[in-house]
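First the structure, in the form of structure tokens, and then the observations on it.
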Amino acid sequence: MGTVERRDGRIGTRPGPLAALVSALLVLLAACMTFLTTTPAVADPIGDCTATRGAVVAVDFGPFAGKVERGCDTTPTTGYDLLHEAGFSTTGTQHDGPAFICRIGYGAFNSGTQYPTPDKESCVLTPPATAYWSYWTAAPGQDTWSYSQYGAMDRKLKDGDVDAWVYGGTDIGGSTGKPTFSPDDVRAGGTGTPHPGGTPTGAPGDIDVTAAASWLTSQLTDGERVGDDGADTPNYLLTTETAYALAAANGSSAALDKITAFLAAHTDDYAYPAGGTEAPDATAAARLALLAEVTESDPTKFGGHDLIGDLAANVCAAGPESGEPTPGCTAKGDFRNATYTDGQALSVLALLRAGTTPPADTVARLTQVQCADGGVTSILIRTGEFCDGDPATTGLVALVLHTAGGHEDAVAKARAYLGKVQRADGAFPGYTGSTTGSVAATAYAAEALRALGDTGRADSAVGWLSRQQLDGGGFGFEEGATDPALYPTPPAVLAGAGTSLVTLTTKPADPTDPPTSEPPTTQPSTTPSPDDGPDLKKGVAYLTSAANLQQGQYYSAGPGTSRADFGLTIDGAYALAATGLNNAELRGIVDFLDQGGKDGEGRTVNDWTGTGTAYAAGGSIGKTALLAEVVGRDPRDFGGKDLIAALDKAVCAKPSTAPDRSCAAKGAYTYAPSVFAQSLALMAQLRADDKTAAERPIAYLESLQQDNGAWPSLIPSTKDSDVDSTAIAVMALDLAGGDKAERAVAKALGWLASRQLSDGGFPGAAGDSVNSAALAVQGLSLDAGKYAQQITRARKFLAGQQNSDGGFNVAKGGQRGSDLRASTQAVGGSTGISFGTLIRDLSGTSPQPTPSVSASAPDIVTPGGDTGGTGGSTAGSGGGVLASTGVQVGTLTGIAALLVLVGWRTVVGARRRTGVRGPR
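Using this note's numbering, read the sequence shown as starting at 28 and increasing by one per residue.
In structure tokens, the structure reads:
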């Protein structure tokens, strides 16, 4: 905080009223001028932190001729607080506020000078991806860094965590620019990996596999297939899962034969979607091969295909790092088009069960997706990428590696991980950080533990599963579930039968073993709900709640701050416009922006866009103009600015040269760092019928499309293939029209559809991403007839990520709790309406009253909860790509109010009035 020195003009003279007020305001101004800069606290000695107490942060000042400096916080809360409690100071950007760390300083290094210095980085706008402070994290006992996809304020720390900040460049996935030191190099007190817990004490129990099989049979359509979301479209994955379960429960049966015949007849549809001469979908081919092996059929002659030969013939020789086209390959050793770890593992197992030795690289690939703690991640990541294991994937991979042999160390680590994460009652959580028992995770873990000889743990897991079985025979997803589901029930049956896909085989039923219960007399209803997508009414209620929508006008940049996140606010307005479920609140947001409304720091939307300044941000201007067009306002007179003229001026005639980074290329928009920003600005111009000025931006956007049909995330191109960017780009080019644009859109939609995951989601920066799935729905809806199945699955995925408060998780795995940014995209995106055609008539609505500022604090979401709140929303406009932070400014706000109050009371005292209370 700034300090004020008292300087009396003459002894015995008291300041006059005006002087007192001016003095107070000057103090307030000084305080506000220091708002972007956060000073350090008195740091805890580094020796006070150990491997099991406190958290450590390291900042690499190497690029500035310094060294790695460490700090400690014995009572860690968030990553942002750790940085400051450890003795570091930071400065945010003028555009994003303290929520985006632009400079870092340390008292022991060069007298606390913050870097980069102002002559190198102005910290007006968000720094470029080639030169910024990237944020890296490591969990207790982990000796590899993970690039943080969240802001430091959103990272909830625990004892033993380690953070690092490195200056330089990286991409959206953090595959480059990681620290040159390891977490163990800076960790306090050694590494100390926790030992697995003791033997679970959960009571044993038996699963009624016959009842479960009967329930599964009742879910079949025509006795041969599982329908996709209640429709006629088959869900082949769940159909194969059901077949495995029936084989485990009943052995050979007419029902199993009928399912097997159906899958054989549809092998082309399931395993060869690109055609019989192309590489198969490895996961699908492996599932069918395993079914053939389980039922004693020939996997080399199943459905007219040699599944084993095709799997063996389509192993990736290299990944994208080779510089050559590698469709369907993430790294060397992948089965082409596998994408997920379970697909890789099942493919290896299918070859093993067929008596074919799998290529060594395919087995080794399974060890490469094992995390430092022994868990195995569900996605086929590349070396160095974020690794977060889960019990289900770990169990399956441990089974396969144990069967393949030669990787005993990896199996031992997986076994130790499973022992460590198993609860005392025998259950396993579905993902890191969860405290809820997952049926599927517990089933897969039980199968592995039994095969590895941990029968006590396996029995305890099965006992827990037995207590989750519902009256009709099926299982829900988690403990306490009341509705049975198809996905978790088959693995529970295999676990209950004491088998796994490694050993499962059909055999004659033993007539002396009666079923343990009678089949249910009332069959569960198979009628789908009217809408399997998200509950939009609940979603809109979350978005417009008082805890989130500040004074009914804007979303804040984070908990405890009155600074508006204008980009997020416009995202929320788009969502409200798409649903039409609360036009009154939408009107309040639009009026606030259009009429020059100010946030708690006195900023308007024009301060965010930079319209009329040297830092005019084309993407932000376009995003604002597009909202005006959506609701029928004039973008040429919105917020007191002609936004279309500003966009025209923002179109780059040529690339700028360093140190000026305003223009990435001819046809780009000034200070538009991403494909997302380029696309929004382009749509705003096109909707304003500004087609001539949009010609160069159209050409530039088209030039960024890659050979596989996708767009990169950043501008200039980082050569990655990003779902979010591709979805927004196709909306823009669909609006642009023309033969070239139509071809680009068609190719991109095909790529988008190919990226859909088995659960209906889509991969994004945060993993199995809600944001990416919602944008994919919007993009694929441009050809809804062709991609109806993918859209339905994605909407169901989104529904599964909606919490009881109406908000949405950031991603399927990882930190839980409703996130405001993800929720805005999920609500609007699930409607399938393109930003290029979105329109909402606000006629008939009235201006909303401006509520007084409430003294009550907003609800803050805690990990694992689903109560209201911002969920730690990240600062910046839609499609933000760099790690950023939040900041709590409640203390500053309180001091500012106190200073104003002091000045006011001084004036009042001079006027000899008493009893006046300051504003609250």
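Glycine included, C-beta positions come from ideal geometry on N, C-alpha and C.
Would you kindly report the start and end of the unbroken beta strand (DSSP E) that includes residue i?
| i | result |
| --- | --- |
| W160 | 159-165 |
| Y133 | 130-133 |
| S796 | 794-796 |
| V837 | It is not in any beta strand (DSSP E) - V837 carries neither H nor E in the DSSP assignment. |
Taking all protein chains shown into account, decide if residue i is buried (16 or more other Cβ within 10 angstroms of its Cβ) or exposed.
| i | result |
| --- | --- |
| I755 | buried |
| K564 | exposed |
| A655 | buried |
| R41 | Model confidence at R41 stands at a pLDDT of 38, short of 50, so the residue's coordinates are unreliable; what they give is reported in the following sentence. Exposed, by the Cβ-count rule. |
| E729 | buried |
| D766 | exposed |
| S701 | buried |
| S405 | buried |
| D325 | exposed |
| I286 | buried |
| P145 | exposed |
| R37 | Residue placement at R37 is poorly supported in this model, since its pLDDT is 30, which falls under 50; the coordinates still yield a value, given next. The residue in question, R37, is exposed, as its Cβ has fewer than 16 Cβ neighbours within 10 Å. |
| K668 | buried |
| K147 | exposed |
| I866 | exposed |
Consult DSSP for residue i and reduce its assignment to one of helix, strand or coil.
| i | result |
| --- | --- |
| W192 | strand |
| P538 | At P538, the pLDDT of 42 sits below 50, so the modelled position is not reliable; the number obtained from the coordinates is stated separately. Correct three-state label for P538: coil. |
| R484 | helix |
| E505 | strand |
| I818 | helix |
| Q397 | strand |
| G97 | Here the sequence assigns Arg to residue 97, which means Gly is not the residue at that position. Looking at R97 - three-state DSSP - the assignment turns out to be strand. |
| G898 | Any reading at G898 needs caution, since the residue's pLDDT is 37, under 50, leaving its predicted position unreliable; the model's value is listed next. Of the three classes helix, strand and coil, the one that applies to G898 here is coil, per DSSP. |
| T548 | Residue placement at T548 cannot be trusted, given a pLDDT of 34 that sits under 50; the coordinates are not used to answer. |
| G659 | coil |
| G627 | coil |
| Q732 | coil |
| L689 | Before going further, note that residue 689 is Ser rather than Leu in the sequence given. Correct three-state label for S689: coil. |
| V880 | Bear in mind that the predicted position of V880 carries a pLDDT of just 44, short of 50, making it too unreliable to give a figure here. |
| I286 | helix |
| V84 | strand |
| D296 | helix |
| Q577 | strand |
| P724 | helix |
The alpha helix (DSSP H) spanning residue i covers which residue range?
| i | result |
| --- | --- |
| P955 | For residue 955 there is no data in the structure shown, the boundaries of the chain being 28 and 947. |
| R770 | 766-781 |
| S116 | Element bounds for S116: not the alpha helix (DSSP H) but the beta strand (DSSP E), 115-118. |
| A475 | 466-478 |
| D761 | 750-763 |
| A695 | From DSSP, A695 is part of no alpha helix (DSSP H); its letter is neither H nor E. |
| V520 | 516-523 |
| D337 | 334-340 |
| D374 | For the record, residue 374 in the displayed sequence is Ser; it is not Asp. Unbroken alpha helix (DSSP H) run through S374: 368-380. |
| L315 | 309-321 |
| V448 | 435-448 |
Give the C-beta separation of residue i and residue j to the nearest angstrom, bearing in mind that I take them to be a contact with Cβ-Cβ under 8 Å.
| i | j | result |
| --- | --- | --- |
| G493 | I234 | A small fix is needed here, since residue 493 is Ser in this sequence, not Gly. Contact flag correct, Cβ pair sits at about 5 Å. |
| D717 | I671 | 6 Å |
| A611 | Q783 | Not really, about 36 Å apart at Cβ, beyond 8 Å. |
| P206 | G187 | P206 to G187, Cβ: 18 Å. No contact. |
| D761 | S861 | 7 Å |
| L528 | Y271 | 7 Å |
With respect to 7 Å, is the separation between the Cβ of residue i and the closest non-hydrogen atom of the ligand NAP below this value?
| i | result |
| --- | --- |
| G355 | The model on display carries no ligand, and the ligand NAP is accordingly not part of it. |
Exercise for the section: Specify whether the region 821-834 and the region 757-773 touch according to this definition: at least 3 beta carbon pairs, one from each stretch, less than 8 Å apart. Expected result: In the pairwise beta carbon analysis, the region 821-834 is classified as not touching the region 757-773: fewer than three pairs are separated by under 8 Å.
Problem - the region 84-101 in contact with the region 126-146 per 3-pair CB rule at 8 Å - result: Counting C-beta pairs with one atom in each stretch, the region 84-101 and the region 126-146 have three or more that are closer than 8 Å, which means they touch.
Exercise for the section: Evaluate contact between the region 113-125 and the region 240-253, counting only Cβ atoms and requiring at least three cross-stretch pairs below 8 Å. Expected result: With a cut-off of 8 Å, the region 240-253 and the region 113-125 do not count as touching, because too few Cβ pairs lie within range.
Practice task
Examine the Cβ distances between the region 578-596 and the region 612-626 and report whether three or more of them are shorter than 8 Å.
Solution key: As far as the Cβ criterion goes, the region 578-596 touches the region 612-626, which means the pair count is three or higher.
Problem - Cβ pair count under 8 Å reaching 3, the region 406-414 against the region 450-464 - result: The region 406-414 vs the region 450-464: no contact.
Exercise for the section: Pair every Cβ in the region 390-406 with every Cβ in the region 347-356, then say whether three or more of these pairs are closer than 8 Å. Expected result: Contact check between the region 390-406 and the region 347-356: fewer than three CB pairs, one atom from each, fall below 8 Å, which does not count as touching.
Exercise for the section: Decide if the region 730-741 is in contact with the region 667-685; the criterion is three or more beta carbon pairs, one per stretch, under 8 Å apart. Expected result: The region 730-741 and the region 667-685 do not touch, with fewer than 3 CB-CB distances between them shorter than 8 Å.
Practice task
Check whether the region 189-197 touches the region 148-166, taking contact to mean three or more Cβ pairs, one atom from each stretch, closer than 8 Å.
Solution key: Segments in contact, yes.
Problem - Inter-stretch contact (C-beta, 8 Å, three-pair minimum) for the region 333-341 and the region 308-318 - result: Yes: the two stretches touch, three or more of their Cβ pairs being nearer than 8 Å.
Problem - Validate contact between the region 559-576 and the region 106-118 using beta carbons, cut 8 Å, 3 pairs - result: The region 559-576 makes no contact with the region 106-118: fewer than 3 CB pairs, one atom from each, lie closer than 8 Å.
Handout entry: Inter-stretch contact (C-beta, 8 Å, three-pair minimum) for the region 365-378 and the region 416-428
Key = Counting Cβ pairs under 8 Å, three or more are found: they touch.
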